[in-house]
Amino acid sequence: MAVPKRKTSRSKKGKRRSHHALGKPNLRPCPHCGEYGLPHRVCPECGYYKGRQVIIPKVKISKKEKESA
């Protein structure tokens, strides 16, 4: 089994890991409702994709409405 001859230094380890950082998500505004979301996907707020309604989004119910029902 291969064993390293020397301990990997902090700088060497850091240089190797310099490309592992996560980038920001590429959010775009929806042309129909203006809500931000990922490109090339159905808008979760209004359900539109490429100018037509694909899905009917679920209505969000607040906690107060749940308790009264």
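Letter by letter, the sequence shown follows residues 0 to 68 in numbering that gives the first Met the number 0.
The C-beta atom is built at its ideal place from N, Cα and C for all residues, glycine as well.
In this text, all values refer to a predicted model and were calculated from it rather than measured experimentally.
Query: Look at the alpha carbon of LEU26 and the alpha carbon of LEU37, and state the distance between them as a whole number of angstroms.; Result: 5 Å
Query: Tell me the rounded alpha-carbon separation between HIS31 and ALA1.; Result: 58 Å
Query: Quick one: what does DSSP say GLY13 is sitting in, helix, strand or coil?; Result: helix
Query: Counting pairs of beta carbons, one from the segment 6-23 and one from the segment 39-57, are three or more of them closer than 8 Å?; Result: no
Query: Which same chain residues, not among the five before or five after GLU44, have their C-beta less than 6 Å away from its C-beta?; Result: CYS32, GLU34
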